[in-house]
Amino acid sequence: MLVYIIVASVARMVGPSRCRKTETETAVRVPRLVLLAGLILFAFQVRLWAEPVEDTSLGKNIAGILSTPLLEGASVGISVVSLPDEKILFSRNSDRLFIVASNMKLLTTAAALSSVGPEYQFKTTVYRRGDVLESGVLSGDIIVKGGGDPNISGRFYEGRSTAVLERWAAALSDAGITEVSGDIVADDTCFDREYIHPNWPKAQISRWYCAPISGLSFNDNCIELRALPGSNGTVEIIEEPSTKYVTVHNTCRLTKKKKDAQFIINKKPGSNEIFVSGEVNSRKLPSKHFITVDNPPLFLASVFKEVLERQGIKVHGQVRLISAEDGDSLLPLEELISTVSTMAQSVEVANTNSQNFYAEQILKTLGMEIKGEGSFAAGQEVLKEFMLELGYPPDRYRIDDGSGLSRENRLSPRMIVDILSFMYRHEEGNVFYSSLSESGADGTLHNRLKEEPYKGRVKAKTGYISKASALSGYVETVSDKTLAFSILINDFKVSNSEIKQIQDSICKVLVSY
Numbered sequence: 005m006l007v008y009i010i011v012a013s014v015a016r017m018v019g020p021s022r023c024r025k026t027e028t029e030t031a032v033r034v035p036r037l038v039l040l041a042g043l044i045l046f047a048f049q050v051r052l053w054a055e056p057v058e059d060t061s062l063g064k065n066i067a068g069i070l071s072t073p074l075l076e077g078a079s080v081g082i083s084v085v086s087l088p089d090e091k092i093l094f095s096r097n098s099d100r101l102f103i104v105a106s107n108m109k110l111l112t113t114a115a116a117l118s119s120v121g122p123e124y125q126f127k128t129t130v131y132r133r134g135d136v137l138e139s140g141v142l143s144g145d146i147i148v149k150g151g152g153d154p155n156i157s158g159r160f161y162e163g164r165s166t167a168v169l170e171r172w173a174a175a176l177s178d179a180g181i182t183e184v185s186g187d188i189v190a191d192d193t194c195f196d197r198e199y200i201h202p203n204w205p206k207a208q209i210s211r212w213y214c215a216p217i218s219g220l221s222f223n224d225n226c227i228e229l230r231a232l233p234g235s236n237g238t239v240e241i242i243e244e245p246s247t248k249y250v251t252v253h254n255t256c257r258l259t260k261k262k263k264d265a266q267f268i269i270n271k272k273p274g275s276n277e278i279f280v281s282g283e284v285n286s287r288k289l290p291s292k293h294f295i296t297v298d299n300p301p302l303f304l305a306s307v308f309k310e311v312l313e314r315q316g317i318k319v320h321g322q323v324r325l326i327s328a329e330d331g332d333s334l335l336p337l338e339e340l341i342s343t344v345s346t347m348a349q350s351v352e353v354a355n356t357n358s359q360n361f362y363a364e365q366i367l368k369t370l371g372m373e374i375k376g377e378g379s380f381a382a383g384q385e386v387l388k389e390f391m392l393e394l395g396y397p398p399d400r401y402r403i404d405d406g407s408g409l410s411r412e413n414r415l416s417p418r419m420i421v422d423i424l425s426f427m428y429r430h431e432e433g434n435v436f437y438s439s440l441s442e443s444g445a446d447g448t449l450h451n452r453l454k455e456e457p458y459k460g461r462v463k464a465k466t467g468y469i470s471k472a473s474a475l476s477g478y479v480e481t482v483s484d485k486t487l488a489f490s491i492l493i494n495d496f497k498v499s500n501s502e503i504k505q506i507q508d509s510i511c512k513v514l515v516s517y
């Protein structure tokens, strides 16, 4: 017990400027020799809380759930602590490293709120370069300068994907511009152009959860496809936004036979050609499908040009990426309009809806703001610095991306619980807490733990990639206690739906604590 107290005290010494003392915390003077012994034990990872804590009724109930044959051959790690005292209530394999899937977003968003804050603004600015003649002709280019904003979409505009671009077009009209003699130039230089992480599943790159990451993004860098009944047994495919940037080849037909219904979408690699085929049940049309686009900055610029022309502003030039020659121009830039969104908005979407695109945009933004480089690697360095504040050197874990889509990420349940505990004490902890999905209410937990008394008592982040399932967050118990927990399960042989039932059963035990 003495060793545990020493180690816990040393662990809490890390990063004191970021932790607020609770009313129950008091200063403890530790003899130098005892403190040294504690430091040595800490360095050698002698942590008694890593041992199973299963001799309580709570522990026995959780252990009983874990004894199911559904977990045969699986690796299971769990850590549960009470807050704010961080008393360990249950621990099994809590120091073992696991593939954490989308639980990586907890680390990414916590680091973002801790470093740049919830009021951080993503800013996108539209400039003109050149004079506006009396005839209304802009003798030059329109430049759209990105700031890594993931929110230029219909998400906050009742599904109207081009709402922001229409505001930009109105700003050109207000400036007296009726024609643009030059180009629409996409400036995405706040980030590098490594749009796709090398360790994302290559066979799934066209799926929305593998959306490319860019300094200038639009509509989550995806196009939405919807199927509607057409004439003579055909299927009409509606695109949102409607744009010539993407070409859809549609050979899909209607059928009344359920067993024959098969809706197939393929995208030609390295292009924006989409092929829709198969047969669709006429009584039950497929839901919306989101397919990624190639070269996201040009996607935004192309759709913006189309919006301008629909609003009567003729563009004579082409759509292109910014180049070195643009930087050599002596013509000044005149701002026409800017659009901003906040980190708090982006963190909420990343966590509540488990949006990989948002998490990776946040990751590169951290790299840009703190390391001066909007890249995956620079963002990872920021996350490592955050982990060091929690007492974890880089050789203790593995960070590969910001969303958890990569299978190369490795964290332990205890690390995740430490992140949750840190944010519980943090001045921006309420923003972090609110961003998590709520059981039976919203996001990825909207259809889980819907019954009383469990509904609304679990605020957590889900996670799943093949053979890796995770659930970590907070529980408000029926006795008004707050718990932080992490459940990581790898290498299971059953379906993820069965694993989620196990996770939910554990959460029910925690709620009842």
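Positions in the sequence shown are counted from 1; adding 4 to them yields this note's numbering.
Ideal Cβ placement from N, Cα and C applies to all residues, glycine included.
Reducing DSSP to helix, strand and coil, say where phenylalanine 94 ends up. Correct three-state label for phenylalanine 94: strand.
Helix, strand or coil at alanine 328 [DSSP, three-state]: Here alanine 328 sits in helix by DSSP.
Own chain, CB closer than 6 Å to threonine 448, minus 5 neighbours either side, in chain order: Closer than 6 Å at the Cβ level, and outside the excluded window around threonine 448, lie Ser358, Ser441, Thr466.
Can you tell me whether DSSP reads arginine 452 as helix, strand or coil? Arginine 452 carries a coil assignment under DSSP once its states are collapsed to helix, strand and coil.
Measure the C-alpha to C-alpha separation of glutamine 384 and aspartate 399 and round it to an integer number of angstroms. For glutamine 384 and aspartate 399, the distance between alpha carbons rounds to 14 Å.
Runs of 3 residues minimum, wholly inside the stretch 226 to 255: which ones carry the beta strand (DSSP E) assignment? Here the runs fully enclosed are 226 to 233, 239 to 244, 251 to 254.
Secondary structure of phenylalanine 294, DSSP reduced to three states: In this structure, phenylalanine 294 counts as strand in the three-state DSSP scheme.
Rounded separation between arginine 129 and lysine 149 - CA only: The question names arginine, but residue 129 in the sequence shown is threonine. Pairing threonine 129 with lysine 149, the inter-Cα distance amounts to about 5 Å.
Out of curiosity, what's the CA-to-CA distance linking glycine 282 and serine 119? Glycine 282 and serine 119 have their C-alpha atoms some 49 Å from each other.
What is the rounded straight-line gap between the Cα of threonine 369 and the Cα of serine 246? Threonine 369 and serine 246: Cα-Cα distance of roughly 29 Å.
Helix, strand or coil for arginine 132, going by three-state DSSP, please let me know. Assignment of arginine 132 by DSSP, reduced to helix, strand and coil, places it in the strand class.
Test item: CB-CB of glycine 477 and lysine 463 under 7 Å: The Cβ-Cβ distance between glycine 477 and lysine 463 falls below 7 Å.
If you compare alpha carbons, which of Ala265, Ser407, Arg159 is closest to tryptophan 204? Nearest Cα to tryptophan 204 within the set Ala265, Ser407, Arg159: Ser407.
Suppose contacts are defined by Cβ-Cβ distances below 7 Å. Is serine 210 in contact with isoleucine 268 by that definition? No. Outside cutoff.
From the DSSP output, in three-state form, read off asparagine 500 for me. Helix at asparagine 500.
Own chain residues within Cβ distance below 8 Å of threonine 113, not counting five before or after: Shown here for threonine 113: same chain residues with a beta carbon closer than 8 Å to its own, the five before and five after excluded, namely Val351, Ala354, Asn355, Ala363, Ile366, Phe436, Ser439 in chain order.
For lysine 384, the first and last residue of its enclosing alpha helix (DSSP H): It should be noted that the sequence gives glutamine, not lysine, for residue 384. Here the alpha helix (DSSP H) through glutamine 384 covers 380 to 393.
Per-residue DSSP class, three states only, for serine 61: Serine 61: helix per DSSP, three-state reduction.
When the Cβ atoms of the stretch 287 to 307 are set against those of the stretch 242 to 259, are three or more pairs found closer than 8 Å? With the cut-off at 8 Å, the stretch 287 to 307 and the stretch 242 to 259 touch.
Since leucine 337 contacts isoleucine 147 with CB under 8 Å, what's their CB separation in whole angstroms? About 7 Å separates the two Cβ atoms, so the contact holds.
For valine 84, does the count of other Cβ atoms within 10 angstroms reach 16, so buried, or fall short, so exposed? In this structure valine 84 is buried. Its beta-carbon is surrounded by 16 or more other beta-carbon atoms within 10 angstroms.
Three-way DSSP call (helix, strand, coil) for tyrosine 468 in this model: In this structure, tyrosine 468 counts as strand in the three-state DSSP scheme.
Considering only residues of the same chain and omitting the five flanking positions on each side of glycine 378, which have a CB-CB separation below 8 Å? Non-local beta-carbon contacts of glycine 378 in its own chain, meaning distances under 8 Å to residues more than five positions away in sequence, involve Gly152, Cys194, Phe195, Asp196, Gly219, Lys368, Thr369, Gly371, Met372 in chain order.
On the CB-based measure, 16 or more other CB atoms within 10 Å of its CB, does threonine 166 come out buried or exposed? A residue is called buried once 16 or more other Cβ atoms fall within 10 Å of its Cβ, and threonine 166 is buried on that count.
Count the other C-beta atoms from every protein chain shown that fall within 10 angstroms of the C-beta of glutamate 27, then say buried if there are 16 or more, exposed otherwise. For glutamate 27, the pLDDT reaches just 33, beneath the cut-off of 50, and the residue's location in the model is therefore unreliable, although a value from the coordinates is still provided. So glutamate 27 counts as exposed.
Would DSSP call phenylalanine 222 helix, strand or coil? Here DSSP, grouped into helix, strand and coil, assigns phenylalanine 222 to coil.
Thinking just about the alpha-carbon of each residue, which of Glu240, Leu232, Pro273, Ile278 is nearest to the one in valine 252? For valine 252, the nearest C-alpha among the options comes from Ile278.
Boundaries (first-last residue) of the beta strand (DSSP E) holding valine 518: Lying before the first or after the last residue shown, residue 518 is absent from the chain, which here runs from 5 to 517.
Enumerate in chain order the residues of its own chain whose CB-to-CB distance from asparagine 360 is below 6 Å, with the five nearest sequence positions on each side excluded. Answer for asparagine 360: Tyr213, Ser407, Leu409, listed in chain order.
Where do the ends of the beta strand (DSSP E) carrying aspartate 191 lie? Aspartate 191: member of the beta strand (DSSP E) spanning 188 to 191, first to last residue.
For a quick check, are the C-beta atoms of isoleucine 227 and glutamate 243 less than 7 Å apart? Against a cut-off of 7 Å, the Cβ pair of glutamate 243 and isoleucine 227 comes out as a contact.
Starting from aspartate 422, follow the alpha helix (DSSP H) in both directions and report where the run begins and ends. That run of the alpha helix (DSSP H) goes 417 to 429.
Contact between the stretch 175 to 188 and the stretch 313 to 329 is defined here as three or more beta-carbon pairs at a separation below 8 Å; is this criterion met? The count of Cβ pairs closer than 8 Å, one atom from the stretch 175 to 188 and one from the stretch 313 to 329, reaches three, so the stretches are in contact.
Could you give the DSSP three-state label for leucine 312: helix, strand or coil? Helix, per DSSP.
According to DSSP, simplified to helix, strand and coil, what is arginine 171? Arginine 171: helix per DSSP, three-state reduction.
Distance, Cα to Cα, histidine 293 vs proline 273? Taking C-alpha positions only, histidine 293 is separated from proline 273 by approximately 18 Å.
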